[in-house]
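Residue numbers (my numbering), protein chains in the order written: chain L, 82 to 373; chain B, 82 to 373; chain G, 82 to 373; chain D, 82 to 373. Don't be surprised by glycine CBs; every beta carbon is placed ideally from N, CA and C. In this text, all values refer to a predicted model and were calculated from it rather than measured experimentally. One structure below.
4 protein chains.
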Amino acid sequence: MKNNLFKGIIAYPITPFDKEEKVDISLYKKLLERLLVSGSHAVAPLGSTGVMPYLTDEEKEAVTEATIQQVKGRVPVLVGVSNLTTERTIYHAKFAEKAGADAVMIIPMSYWKLSDDEIVKHFDTVAKQITVPIMAYNNPATGGVDMSPALLKRILEIPNVTMIKESTGDVQRMHYLKRELGDDVAFYNGSNPLALAAFAAGATGWCTAAPNLIPNLNTDLYNAIQNNDLNEAQKVFYKQLNLLKFIVNKGLPRAIKAGLGIQGIDGGFLRSPLKPLTESEVKELGLILEEV
Amino acid sequence: MKNNLFKGIIAYPITPFDKEEKVDISLYKKLLERLLVSGSHAVAPLGSTGVMPYLTDEEKEAVTEATIQQVKGRVPVLVGVSNLTTERTIYHAKFAEKAGADAVMIIPMSYWKLSDDEIVKHFDTVAKQITVPIMAYNNPATGGVDMSPALLKRILEIPNVTMIKESTGDVQRMHYLKRELGDDVAFYNGSNPLALAAFAAGATGWCTAAPNLIPNLNTDLYNAIQNNDLNEAQKVFYKQLNLLKFIVNKGLPRAIKAGLGIQGIDGGFLRSPLKPLTESEVKELGLILEEV
Amino acid sequence: MKNNLFKGIIAYPITPFDKEEKVDISLYKKLLERLLVSGSHAVAPLGSTGVMPYLTDEEKEAVTEATIQQVKGRVPVLVGVSNLTTERTIYHAKFAEKAGADAVMIIPMSYWKLSDDEIVKHFDTVAKQITVPIMAYNNPATGGVDMSPALLKRILEIPNVTMIKESTGDVQRMHYLKRELGDDVAFYNGSNPLALAAFAAGATGWCTAAPNLIPNLNTDLYNAIQNNDLNEAQKVFYKQLNLLKFIVNKGLPRAIKAGLGIQGIDGGFLRSPLKPLTESEVKELGLILEEV
Amino acid sequence: MKNNLFKGIIAYPITPFDKEEKVDISLYKKLLERLLVSGSHAVAPLGSTGVMPYLTDEEKEAVTEATIQQVKGRVPVLVGVSNLTTERTIYHAKFAEKAGADAVMIIPMSYWKLSDDEIVKHFDTVAKQITVPIMAYNNPATGGVDMSPALLKRILEIPNVTMIKESTGDVQRMHYLKRELGDDVAFYNGSNPLALAAFAAGATGWCTAAPNLIPNLNTDLYNAIQNNDLNEAQKVFYKQLNLLKFIVNKGLPRAIKAGLGIQGIDGGFLRSPLKPLTESEVKELGLILEEV
């Protein structure tokens, strides 16, 4: 396999805001530290969970730097640097590399639907400007474009694109990746309710916001898979499934913030137009967390 | 669990026709015998693979009787009895029971989209007329209606509806069934490319036409799961995945017939408007079967 | 334009059943007569509205003969003869022609998804056995297959396929037909809520069950279009839109039967699994009919 | 009707870039002037056609100011001010109002799917900060969220939200708007291939990039509708349909730039990742423009 540092549970921190909806870096570091001590195998700031698209350039840079400082090399760091324009993607990718990121994640954000050639050119142009590895991320629901397996294969010909994150929620895509790419390329699951199916299909890691709330169940699932113990993996998976579905259905930033609140941890504020879960949604989440 | 006889590999025979497009019962029995001796744990005549909706009442009855005679109790028999009208469904269900079927499978066929109440009433009315167990089958692609998990739960309150076959191709549905129904109800996977994910999710059996072509790989997968050996299951699954995808994409009756031909076995003729695979499709299938 | 008799409002009668769910031919004739005297320009028995797929061969033949007898040449008759197999489609097409139908309507019913070649062959084989014109009908929701405009073009090369009925509900399909086929082929709208858009796009006729309940509004719309009076057409269309949407959403046979009941006309019984509208649905329909 | 200035053909200018992919304001003004002299009834800078989401805040401000200067009150100006966050939407809305815009257009851009309450709050918060009218824009394909008719009705209760632009491509939505909102609210069509159907349904105007290439055909369609001449409207519509479909399928900024080139007009450069049409696409567009 193309060498890579990332495997197991790749935890996504939220980006907390203060009352005036400014990024709260001090609180961010506290929440990040929780992920680090709870056993996650890597962290990924500025993902969807971290509401990256809602942040200004300066805010993104501050979060990137805060992450590197807090992690201090304890686990690998994967920084989200996606942007609608190629120029801005390069800018953020270079910033992340210079700040000390171990890899960057890029989803081809799309307002005007991009052609396959435009997407390949976008990745290629960015990749040439950095030396750290790139995780290409496919998530039509948020990125607006669905990269076919054939397109992903083309993108993987770029030397420092070494990882694929799949979030379509279709396990068949993972079958394709595994079968076509064999052991040369690692693929990662980004769809929480598919965690068991994706590991069964051979995923190298699970990109997830769930460790903010249930870190032990997440690592237990990975360990069962490592031990080739499907029965245990199934048992552990069904224990956490209700929570995984809830946080996906309600939106990760909102749901994680609410869950932290239930666990007595300050998750800060959201940035508008995102609003907190309703009272009844919080109650439902409380019941799910109790059962876990 | 509600007691049931069905588990493992439930094999679906094709219904072969002669040159005049009449059902060829003698050839049917030969093809069925192949499934029986190759280790399938049960057989299911008059499924989609058996082109049940293309047959007359008399033809369906002949196939049912031929199956019971040929099987001679060696494995359990699950007979498809679905029909657009409730009256005809009852007719065929009673016929199958009298002929000696161990269970019947019913998909609520839909021309005019049925309401949930109409579907429940349909199942209930049929169920009251027979004593053998019923497998409720969800397959929006062929049946025209997608039964929600909530609706399936209602149908399962009918005493002799004891099994669910899921063919939406969405592993999340199986998660739901497993979590909601626990160990009280068995669920079966009808989506071939989901075979690994479904067993990982806890499916009791796999309803499949693949044993017509690759019986050993099918049972090997089931055995690996029984042995809690995920690594082996994954290996065996990826070996057969290309074939599973091919037969689904090309249509089971066409693809199985073509595969039998490649293996030197007479699969008879198809009934119009269904036509044989094209030459290039047959060539593609040949390459896939060689690799297996 | 290839000469054809059909234009304007092509009315679809329901097939009423008696208490024992047997076809009630005597009541059928009465309901058909209402359509004839109310100004419809043609009638189409054994359509979706007439629950053709739920009928036995004998019942279909009885309905066909009853229609010809009752119409007595007053308007052209278009008989639905679709069937899952080619052999049965031929059978019913020949029966309809012999009975005196002016044309037959064929939707390529699909259980196993048909390839384009299979569909062309199906139409071609049937067309060669009859001399009356064929209306090719595209309705993925009930037929299970969506014929692309390119496929429709191929089918129209068959000499006696002279008309297209489009029920995808996508006005763009009609644009395509009009642009590609010009004045050589007539296209008909089968999507009730698209009636105005389809006529604006150049449809020759409207295939609809609505004349069972609101014949004058239907013909008023057609007349406004004939008079090149868009303002009037818009006004008349919005008057009937609520009803058109209701009957489509609830299913035509159920909704027409309920509407007849509200108007004091006996619509007979439905055949299971189809059930009458609920009380609250009937009330809603009552309010809509009052406003009309 | 809530008083509004906008009706007829609302033309969308592209935002041209120079070789270094910087916004070329001088070229922008020339292209805008073409729209003004060709008879468009209003102009709408910073729409999808104007690649608004790809611009920095400073660039958006420059385009807004250039538009007001160039238009000099000759036609009403509708400025796009949508943004992922509420705070930035307010910022741009206030800027547009101060610069002299007659109205602003807002699509609730969505990365994390917004709830109905979040969308209403977003519109309400912005609306309170300005006095010019707001056109609420529904376009799931680019905005990422599909506002149901019921939600649009809620948003229209905000006093200065007075116009709806619909780009789902589903004429039924326009029927709903017309029927529910009657003459109180104007609705505008944003789906080019639906131009005829939308006017037939009662749309007040057509938001379109087509006047960059075929201004006369666009205004001819509107005039035919104003004259209640459906036959003429149909004729004029079919003349331009191929072009309308082409520019939508290829993406408006790319297609308009290519079309300008064919017509001998400098359309500047695109901003990466957007790339020019391929040679064969340009050739296809050339043939379409010749036929017009």
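Cβ pair residue i, residue j closer than 7 Å
i	j	result
residue 94(D)	residue 117(D)	no
residue 273(D)	residue 289(D)	yes
residue 215(D)	residue 188(D)	no
residue 183(L)	residue 158(L)	yes
residue 268(D)	residue 258(D)	yes
residue 92(L)	residue 144(L)	no
residue 180(G)	residue 146(G)	yes
residue 142(L)	residue 354(D)	no
residue 126(D)	residue 160(D)	yes
residue 346(G)	residue 336(G)	no
Distance, residue j Cα to residue i Cα
i	j	result
residue 356(B)	residue 246(G)	26 Å
residue 321(D)	residue 299(D)	8 Å
residue 285(B)	residue 226(L)	37 Å
residue 217(L)	residue 233(L)	8 Å
residue 86(G)	residue 254(D)	34 Å
residue 165(B)	residue 323(G)	30 Å
residue 237(G)	residue 243(G)	7 Å
residue 319(D)	residue 235(D)	36 Å
residue 132(B)	residue 342(G)	40 Å
residue 106(G)	residue 97(G)	8 Å
residue 222(D)	residue 156(G)	46 Å
Neighbour flag for residue i against chain G, beta carbons, 7 Å
i	result
residue 173(D)	no
residue 360(B)	no
residue 352(B)	yes
residue 332(B)	yes
residue 165(B)	yes
residue 203(B)	yes
CB contact below 7 Å: residue i versus chain D
i	result
residue 260(G)	yes
residue 126(L)	no
residue 292(G)	no
residue 47(L)	The requested residue 47(L) is not part of the displayed model; chain L covers only 82 to 373.
residue 219(G)	no
residue 307(G)	no
residue 223(L)	yes
residue 356(L)	yes
Status (buried if at least 16 other CB within 10 Å, exposed otherwise) for residue i
i	result
residue 82(G)	Only weak support is given to the placement of residue 82(G): the predicted model assigns it a pLDDT of 40, under 50, and the value that follows is read from those uncertain coordinates. With fewer than 16 Cβ atoms within 10 Å of its Cβ, residue 82(G) is classed as exposed.
residue 317(B)	buried
residue 312(D)	exposed
residue 129(B)	buried
residue 301(L)	buried
residue 229(L)	exposed
residue 361(G)	exposed
residue 101(L)	exposed
Identity of the residues DSSP links to residue i by a beta bridge
i	result
residue 310(D)	310(G)
residue 247(B)	219(B) and 270(B)
residue 186(L)	161(L) and 216(L)
residue 318(L)	BP columns for residue 318(L) are empty, so no partner.
residue 92(G)	124(G) and 289(G)
residue 98(D)	104(D) and 350(D)
Short CB-CB distance (under 7 Å) between residue i and chain L
i	result
residue 256(B)	yes
residue 135(D)	yes
residue 326(D)	no
residue 199(D)	yes
Contact with chain B by residue i, beta-carbon distance below 7 Å
i	result
residue 192(G)	yes
residue 230(L)	no
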